[in-house]
Amino acid sequence: MATKPGAGKAFAAALVLGIIAAVLVYQWASDLKKHSKENWKPVVTATVEIKPHTKITREMIQTKQVPDDAIVANVATNLAEVEGRVTNIRISSTAQILRSDLVQAGNANTLAVNVPAGMRAIAIDAGEIAAVGKSVKPDDHIDIMATFHDPQTKQDLTKIVLQNVRVLAINCGDTDPASKGGADTSMTIALKPEEAELVTAASRAGALRVMLRAVNDDKIITSEGTTVRDLGSGKVMLETPKTQPVETVVRPVPPAPARSRSGIIIIRGTQEQVVKPQE
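Note that the numbering used here has the sequence shown beginning at 304, numbered continuously upward.
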């Protein structure tokens, strides 16, 4: 049977087109499989805009499933890699968070990331005696005492003015709790704004001294303070007690015994002698 002219070329063209179609179908199937949510991978993204030098909290981040071709290099893939770390740059909402954009909280180049929300960082003097013998370190908690002249009682008063205060840094901004030495020049502490005013006024009025708290001790005590008058056993007053008035007792003088005989009474010491005149 004779072959029609041009049939071979048509067959070859159909074969090529078939191969191309098969390749396209394969690529389409591969892309479809790639973009299937079953094959997507988790990445960490921001739920809000995060400013630079900000410590990341759980509310700021989420995990999101995305296809491979949409994953940015060096992206964090679980929340534990991100939560508690500090941003180096501004991260926009919904953006993937890269490991290179984060540092450990203790290694941040600003102390501001360690200041709790609503509080302020303020430094106080920390000589060896005032700072518990150089034993106070970052993340310790202290009580602050102040000694000042009380204008109401006209006495020097020592009183605990702040309790359970967190130490953010010591000396020249050291924020590492594992530091070999403790505070010996300054302590930077976290206070509410009104507490910062109080400790500043107390420092101006007198001397500050700190007490180091035990780990996990958050008990708050009540104290009215102590003056010099309260020293000694208990609350002993040192001023001289007032002289008590002397009670005056009036006792009646007993009447002289009646004498039955007349004569002259001569008393020698405790002896009494009656001498009768000669008749």
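For every residue, glycine included, the Cβ atom is placed at its ideal position computed from N, Cα and C.
By a C-beta neighbour count over all protein chains shown, 10 Å radius and 16 as the cutoff for buried, is residue i buried or exposed?
i	result
Leu460	buried
Gln330	exposed
Ile394	buried
Pro441	buried
Ala317	exposed
Ile364	buried
Lys358	buried
Ile445	buried
Val416	buried
Thr456	exposed
Thr360	exposed
Ala493	buried
Ile353	buried
Thr525	exposed
Leu534	exposed
Val319	exposed
Leu327	exposed
Thr390	buried
Thr478	buried
Asp521	exposed
Ala429	buried
Val468	buried
Asp404	buried
Val378	buried
Lys385	It should be pointed out that residue 385 corresponds to Val in this sequence rather than to Lys. Val385 is buried by the Cβ-count criterion.
Val518	exposed
Val513	buried
Can you tell me whether DSSP reads residue i as helix, strand or coil?
i	result
Ser489	strand
Val378	strand
Thr390	strand
Asp372	helix
Arg469	strand
Leu318	helix
Pro355	coil
Val326	helix
Val533	The identity of residue 533 in the sequence shown is Asp, whereas the question assumes Val. Note: Asp533 maps to helix in three-state DSSP.
Thr450	strand
Met514	strand
Pro480	coil
Val418	coil
Thr348	strand
Ala434	coil
Val464	strand
Asp404	helix
Ala426	strand
Thr366	strand
Met540	Note that Met540 scores 47 on pLDDT, short of 50, meaning its location in the model is unreliable; the coordinates nonetheless yield the value given after this. Coil at Met540, not helix or strand.
If contacts are defined as beta-carbon pairs under 8 Å, then residue i and residue j qualify, I think. What distance do you get, rounded to the angstrom?
i	j	result
Val347	Ile425	No, Val347 and Ile425 are not in contact; Cβ-Cβ is about 35 Å, not under 8 Å.
Ala398	Ala349	5 Å
Val502	Val470	Going by Cβ atoms, the distance from Val502 to Val470 rounds to 13 Å, so no, they are not a contact pair.
Ala472	Thr491	4 Å
Ser489	Ile427	7 Å
Gln458	Ile523	Actually they are not in contact, since the Cβ atoms of Gln458 and Ile523 sit about 25 Å apart, beyond 8 Å.
Asp371	Lys344	7 Å
Gly528	Lys462	3 Å
Pro355	Ile392	6 Å
Please confirm whether any heavy atom of the ligand FAD lies closer than 7 Å to the CB of residue i.
i	result
Asp453	Absence of the ligand FAD is noted for the structure shown, with no ligands found whatsoever.
| query | Do the stretch 481-492 and the stretch 430-437 touch if we need at least three Cβ pairs shorter than 8 Å? | reply | yes
| query | Would you call the stretch 446-465 and the stretch 495-510 in contact, with 3 or more CB pairs under 8 Å? | reply | yes
| Does the stretch 489-505 come close enough to the stretch 416-433 that 3 or more CB-CB pairs lie under 8 Å? | yes
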